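For reference, the structure discussed in these notes is given below.
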């Protein structure tokens with residue numbers, strides 16, 4: 001139930017970020033729809049393909065409707081959304097937090113491997129956004145020093161660790177998603193970042 | 001039968017567009033082969049992966065031969081092809097029209113969901129070309145205002161609607177592909193486009 | 001056994017190339033980890049998805065550990081690795097040689113189609129690197145005239161040909177991987193390249 005809810009939240013806010021990018025580029029209504037859908041379901045689609053389970057949105061039309069709803073919201077009420085502050089970065093952060101837990105939980109249930117679950121949580125939390133940025137021709141999260149991928153990794157790892165310690169899945173999911181969100185929030189508010197590699201050789 | 005034929009047509013003309021891009025970039029013969037193959041089979045591959053059915057070209061060597069044939073055609077008779085006018089845009093349009101019907105038909109048969117079938121038709125009709133453009137470092141269709149993705153969506157939706165109204169699959173496929181082609185053709189000939197989003201906030 | 005070994009080698013050296021790219025871009029430790037992992041397992045993941053078999057690294061944690069080890073190596077001993085000469089290009093060459101044989105072998109065993117096996121060997125030997133270059137925003141191998149994709153194709157084709165001639169799989173794998181490596185090595189040392197297409201029409 002909580003996981004189902006996190007899943008919808010993750011899809012919805014990622015879809016919103018896709019629609020925001022489409023709006024900032026001045027694209028047409030269909031591009032809104034496709035940027036929203038691609039960003040919303042991208043990560044979970046990759047997760048399901050890699051796990052060899054049926055792709056989640058082919059079984060439940062609700063996910064596609066959520067994506068369509070988010071692009072409509074942005075198309076008709078874009079200025080309202082933009083007035084919220086840094087809506088793109090915050091929606092992205094919430095989506096990442098929800099998705100890393102979902103990805104790790106599903107992968108852990110299927111493979112029972114902690115390592116695979118952590119990687120899958122991280123990949124699927126970041127893949128939708130990276131796909132959005134590549135198709136939009138923008139710089140993607142892997143190339144920026146700010147904490148983003150690391151927050152997804154930390155959230156996935158915490159979830160898997162808590163589950164291995166037999167903690168209840170609701171509590172574990174809540175704690176892990178909050179942890180990922182706090183780390184990412186710190187990066188947005190206070191510019192937290194990881195140190196970059198300083199090469200000592202000429203290239 | 002008609003669907004089988006549309007499938008080969010879609011693969012062939014998309015493969016041709018891949019080879020045209022390779023030729024315009026002055027790439028070598030193998031790059032012709034791979035741009036042709038990637039563009040030709042990209043959309044259908046994504047469709048089959050998402051539907052969880054065997055990838056079509058792993059079952060029938062004919063598709064890969066068609067892609068190889070198209071790169072050879074372009075390599076040896078490129079100037080002839082280029083003299084046809086706007087071969088890249090028209091081949092792309094025909095491929096898109098054929099592919100959106102095929103994608104929607106296969107997805108509708110497998111999932112019975114109209115929404116999934118429409119998305120799948122649209123995605124798989126546009127994915128090969130987007131992949132081609134990303135690998136080639138060109139601006140992709142999602143970022144251009146002209147009617148392209150919307151034509152694929154309209155074709156997919158018409159096919160699914162006609163099939164739900166119990167129309168014969170041949171007639172439905174023919175009508176839907178023609179509709180998509182006319183919409184896209186209008187964009188090529190008369191610059192039809194969808195209105196872009198006009199933001200009222202500063203970024 | 002030999003194939004298993006080639007598989008680890010391919011993953012390891014591709015992972016190293018991912019980490020080298022991360023280091024040259026001055027990215028953080030996690031970006032090292034993800035560039036290494038994405039490049040290391042990318043090709044094989046695509047191969048397994050297309051063949052409809054379980055994705056290899058979901059069954060054996062060793063592959064992910066190898067990727068983690070390679071990013072650690074580069075993070076802590078990067079200058080040492082860089083002092084080896086052209087480590088990026090050579091590691092990439094070895095990975096390509098090992099991966100094209102692995103990809104062709106697995107695809108041939110599953111589909112029994114020589115054509116599919118050759119394409120799969122070539123695609124999976126080049127996909128990890130292309131993915132790395134697209135995410136890093138660099139020019140990818142398909143767009144460069146030097147021999148790279150063609151070496152992977154030659155290696156895959158030789159392996160399949162030798163196997164069809166009933167040659168022992170170890171010998172065939174060794175010969176094919178060496179052949180691919182020699183072709184690519186020639187491109188690195190002596191700038192071997194394929195002739196590009198010379199268009200005779202204005203664009």
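Protein chains in written order, with the UniProt record's numbering: chain A, 1 to 203; chain B, 1 to 203; chain C, 1 to 203. Even for Gly, the Cβ is constructed at its ideal location relative to N, Cα and C. Being a predicted model, the structure only gives us computed values, none of them experimental.
- Residue 133 (chain B) sits in a helix when the DSSP states are folded into three classes.
- For the 8 Å CB-CB criterion, residue 121 (chain A) and residue 101 (chain A) form a contact.
- With a threshold of 8 Å between beta carbons, residue 102 (chain B) makes no contact with chain A.
- Residues are counted here when their Cβ sits less than 9 Å from a Cβ of chain A; for the UniProt domain "Glycine transporter" (5-77) of chain B these are 49, 50, 51, 52, given in chain order.
- Beta-carbon to beta-carbon, residue 132 (chain C) and residue 37 (chain C) are separated by about 11 Å, too far to satisfy the 8 Å threshold.
- Within 10 angstroms of the beta-carbon of residue 153 (chain B) lie 16 or more other beta-carbons, which makes it buried.
- Of the residues B:175, B:28, B:64, the one whose Cα lies closest to the Cα of residue 8 (chain B) is B:64.
- The DSSP assignment places 29-51 as complete runs of the alpha helix (DSSP H) inside the UniProt domain "Glycine transporter" (5-77) of chain A, in order along the chain (cut-off: 4 residues).
- When DSSP states are grouped into helix, strand and coil, residue 167 (chain A) belongs to the coil group.
- Listed along chain B is no residue with a C-beta nearer than 9 Å to that of residue 188 (chain A); the closest approach is about 17 Å.
- Between residue 110 (chain A) and chain B, the shortest Cβ-Cβ separation is not below 8 Å.
- Between residue 184 (chain A) and residue 115 (chain A), the gap from beta carbon to beta carbon reaches 8 Å or more.
- Its Cα nearest to that of residue 103 (chain B), the residue B:41 stands out among B:41, B:82, B:79, B:77.
- In the DSSP assignment, residue 106 (chain B) falls within the alpha helix (DSSP H) that extends over 87-111.
- Under the 8 Å criterion on CB atoms, residue 134 (chain A) is classed as interfacial with respect to chain B.
- In terms of Cα proximity to residue 177 (chain B), the closest of B:19, B:22, B:98 is B:98.
- Distance between residue 20 (chain B) and residue 179 (chain A), taken at the CA atoms: about 50 Å.
- When the beta-carbon positions are compared, residue 118 (chain A) and residue 81 (chain A) stay at least 8 Å from each other.
- Each residue's CA atom was taken as its position, placing residue 31 (chain C) and residue 135 (chain C) some 11 Å apart.
- For residue 87 (chain B), same chain residues with a beta-carbon under 8 Å away, outside a window of 5 residues either side, are 16, 20, 81 in chain order.
- If the five residues before and after residue 73 (chain A) are omitted, its C-beta is found closer than 8 Å to the C-beta atoms of 16, 19, 81, all from its own chain and listed in chain order.
- Considering only B:60, B:58, B:23, the residue with the shortest C-alpha distance to residue 77 (chain B) is B:23.
- Residue 116 (chain B) belongs to the set of residues whose beta carbon lies under 8 Å from a beta carbon in chain A.
- In terms of CA proximity to residue 189 (chain A), A:90 leads the group A:173, A:52, A:90.
- Listed in chain order, the non-local C-beta contacts of residue 109 (chain A) below 8 Å within the same chain number zero, local neighbours out to five positions each way being set aside.
- The alpha-carbon separation between residue 79 (chain A) and residue 187 (chain C) amounts to approximately 54 Å.
- Taking C-alpha positions only, residue 170 (chain A) is separated from residue 5 (chain A) by approximately 11 Å.
- Around the beta carbon of residue 172 (chain C), 16 or more other beta carbons lie within 10 angstroms, which makes this residue buried.
- Pairing residue 107 (chain A) with residue 52 (chain C), the inter-Cα distance amounts to about 18 Å.
- Sequence-distant partners of residue 156 (chain A) (beyond 5 residues in either direction) whose C-beta falls short of 6 Å from its own C-beta, in its chain, are 100, 104, 118, 121, 122.
- Neighbours of residue 150 (chain C) in chain B, taken as residues whose beta carbon is under 7 Å from its own, are 30 in chain order.
- DSSP places residue 147 (chain B) outside both helix and strand once states are collapsed to three, so it counts as coil.
- At a cut-off of 8 Å between beta carbons, residue 130 (chain B) contacts chain A.
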